[in-house]
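>
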């Protein structure tokens, strides 16, 4: 459920003066130093959220840390400001403060801000907050990836967020790797590869290898590339050699490049056979490049 907005949202007329912001920040700094949680009544929270729009970075940090110490009680106003405040500094700082709090209560609002705010810092900070929330955010992040309105910049942010969230949720991508949506399965492969490197998911290798036989050609193609970079040659060489006969051109291309990446010379004969049978000129060229590279490794 989305956090409810305050009945008294902060507007431009309620912003703090520079002197008011300075005096409040000094008061809050003392509380931070003494590890005292600030007042959490709505008026106090409103003033701190208003302080997030101060042009002085040190003051904004003080307000953010203080709101972070307040925690759950500050979430509704922060979410309201993240979505509705015309001051981009406040929207940015609201997302960063929600990152400090790390509560899944804010997740719907963070998703909305990530999708709709045109400021790249707001998008990035919202993605960072979702990464901090961790496993509860993974499904939503994967779903955003399937949206054809998702920009390349957003895709990059999502992949970073998924990587971070996955490091703290070892099995979160196991179900995603078996999703009915091929795009979600592809997104899960990258995270699983990182989990193989980190050793945090005992099933990651098995799921990557299984993806080589996925029903969707685009998943097989991506799996060929990722396994070639991630797994040991002896773990995948037979599966990759089998994919040289795949019906999809891109799968055969990616497989040839993956075999070249493995430097596994035992695949030379399979590549020669594939070249003899190949009818597509572009694919054949890639197969020949891979073969020549592997021969050079002998």
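Residue numbers (this note's numbering): 1 to 298.
Note that the Cβ used here is the ideal one computed from N, Cα and C, for glycine as well.
Under the rule that 16 or more other beta-carbon atoms within 10 Å means buried, what is residue 7, buried or exposed?
The residue you call residue 7 lines up with position 7 of the chain shown. For residue 7, the predicted model reports a pLDDT of 40, less than 50, meaning its position is unreliable; a value from the coordinates is still stated below. It is exposed - the Cβ of residue 7 has fewer than 16 other Cβ atoms within 10 Å.
> For residue 54 and chain C, any beta-carbon pair shorter than 8 angstroms?
Absent here is chain C; the protein component of the structure consists of one chain.
> Would you grab the beta carbon distance between residue 142 and residue 184 for me? Rounded to a whole angstrom, and I think it's under 8 angstroms.
For this step, residue 142 is matched to residue 142 along the chain shown. For this step, residue 184 is matched to residue 184 along the chain shown. Taking the Cβ atoms as the reference, residue 142 lies roughly 5 angstroms from residue 184, within the contact range of under 8 angstroms.
> Do you know how far the Cα of residue 83 is from the Cα of residue 67?
Position 67 of the chain shown, counted from the start, is the residue given in the question as residue 67. Position 83 of the chain shown, counted from the start, is the residue given in the question as residue 83. Going from the Cα of residue 67 to the Cα of residue 83 covers about 17 angstroms.
> I'd like to check one pair, residue 160 with residue 130: are the Cβ atoms closer than 8 angstroms?
Here residue 130 refers to the residue found at position 130 of the chain shown. Here residue 160 refers to the residue found at position 160 of the chain shown. The Cβ atoms of residue 130 and residue 160 lie no closer than 8 angstroms to each other.
> So the alpha helix (DSSP H) residue 43 belongs to, where does it begin and stop?
By one-based count along the chain shown, residue 43 stands at place 43. First-last of the alpha helix (DSSP H) with residue 43: 42–51.
> Just how far apart, CA to CA, sit residue 20 and residue 189?
As a working note, residue 20 is residue 20 in the chain shown. As a working note, residue 189 is residue 189 in the chain shown. Taking the straight line joining both Cα atoms gives about 51 angstroms.
> Once you ignore the five residues that flank residue 205 on each side, which residues in its own chain have a CB closer than 8 angstroms to its CB?
Reading the chain shown from its first residue, position 205 is the one you call residue 205. If we look at residue 205 and ignore the five residues flanking it on each side, its Cβ neighbours are 196, 231, 235.
> Tell me which residue opens and which closes the alpha helix (DSSP H) that residue 241 is part of.
As a working mapping, residue 241 is identified with position 241 in the chain shown. Here the alpha helix (DSSP H) through residue 241 covers 233–243.
> Can you tell me which of the three DSSP states residue 152 falls into?
Taking the first residue of the chain shown as 1, we reach residue 152 at position 152. Three-state DSSP puts residue 152 in a helix.
> Identify every run of the alpha helix (DSSP H) within the segment 259–288, keeping only runs that are complete inside it and at least 4 residues long; order them along the chain.
DSSP assignment within the segment 259–288 yields the following whole alpha helix (DSSP H) runs of 4 residues or more, N-terminal first: 268–277.
> Extract the residue ranges of the alpha helix (DSSP H) inside the segment 89–146, only unbroken runs of 4 or more that lie entirely within it.
Taken in chain order, the complete alpha helix (DSSP H) segments of 4 residues or longer contained in the segment 89–146 are 107–116, 120–133, 135–145.
> Cβ of residue 73 within 8 angstroms of Cβ of residue 45?
Taking the chain shown and counting its residues from 1, the one referred to as residue 73 is at position 73. Taking the chain shown and counting its residues from 1, the one referred to as residue 45 is at position 45. In this structure, residue 45 lies closer than 8 angstroms to residue 73 by Cβ.
> Are the CB atoms of residue 124 and residue 99 within a distance shorter than 8 angstroms?
If you number the chain shown from 1, residue 99 lands on position 99. If you number the chain shown from 1, residue 124 lands on position 124. No, the pair does not count as a contact, with Cβ atoms beyond the cut-off.
> Look at residue 103 and residue 94 and say whether their C-beta atoms are less than 8 angstroms apart.
The residue you call residue 103 lines up with position 103 of the chain shown. The residue you call residue 94 lines up with position 94 of the chain shown. For residue 103 and residue 94, no; Cβs fall outside 8 angstroms.
> Quick one, are the C-beta atoms of residue 228 and residue 258 less than 8 angstroms apart?
The count along the chain shown starts at 1 and reaches residue 228 at position 228. The count along the chain shown starts at 1 and reaches residue 258 at position 258. In contact: residue 228 and residue 258 (Cβ atoms closer than 8 angstroms).
> Sort 220, 105, 164, 153 by Cα distance to residue 121 and report the nearest one.
Counting from 1 along the chain shown, the entry for residue 121 is found at position 121. It is 153.
> To the nearest whole angstrom, what separates the beta carbons of residue 264 and residue 233, a pair I think is in contact under 8 angstroms?
Locating residue 264 in the chain shown gives position 264, where the first residue counts as 1. Locating residue 233 in the chain shown gives position 233, where the first residue counts as 1. Right, their Cβ atoms sit about 4 angstroms apart.
> Going by DSSP in three states, residue 212 sits in which element: helix, strand or coil?
What you label residue 212 is simply residue 212 of the chain shown in a count that begins at 1. Look at residue 212 here: in three-state DSSP terms it is coil, with no helix or strand label.
> Quick check: what's the CA-CA separation for residue 248 versus residue 220?
In the chain shown, counting from the first residue as 1, residue 248 sits at position 248. In the chain shown, counting from the first residue as 1, residue 220 sits at position 220. Going by the C-alpha atoms only, they are around 9 angstroms apart.
> Are the beta-carbon atoms belonging to residue 53 and residue 15 less than 8 angstroms from one another?
The residue you call residue 53 lines up with position 53 of the chain shown. The residue you call residue 15 lines up with position 15 of the chain shown. Taking 8 angstroms as the cut-off, the Cβ atoms of residue 53 and residue 15 count as close.
> Please state whether DSSP places residue 202 in a helix, a strand or coil.
Taking the chain shown and counting its residues from 1, one reaches residue 202 at position 202. Residue 202: coil per DSSP, three-state reduction.
> Which word fits residue 13, buried or exposed, when buried means at least 16 other C-beta atoms lie within 10 angstroms of its C-beta?
Locating residue 13 in the chain shown gives position 13, where the first residue counts as 1. Unreliable placement is indicated for residue 13, whose pLDDT of 37 sits below 50; no coordinate value is reported for it.
> Going by the CB atoms, is the gap between residue 110 and residue 138 shorter than 8 angstroms?
Here residue 138 refers to the residue found at position 138 when the chain shown is read from its first residue. Here residue 110 refers to the residue found at position 110 when the chain shown is read from its first residue. Not closer than 8 angstroms, so no.
> So the alpha helix (DSSP H) residue 19 belongs to, where does it begin and stop?
If you number the chain shown from 1, residue 19 lands on position 19. Per DSSP, residue 19 belongs to the alpha helix (DSSP H) from 18–33.
> Please list the terminal residues of the continuous alpha helix (DSSP H) segment that includes residue 219.
In the chain shown, the residue the question calls residue 219 occupies position 219. Unbroken alpha helix (DSSP H) run through residue 219: 217–230.
> Tell me the DSSP secondary structure of residue 174 in three-state form.
As a working mapping, residue 174 is identified with position 174 in the chain shown. In this structure, residue 174 counts as helix in the three-state DSSP scheme.
> Which residue from 244, 215, 268, 166 puts its Cα closest to that of residue 298?
For this step, residue 298 is matched to residue 298 along the chain shown. Of 244, 215, 268, 166, the residue nearest in Cα terms is 268.
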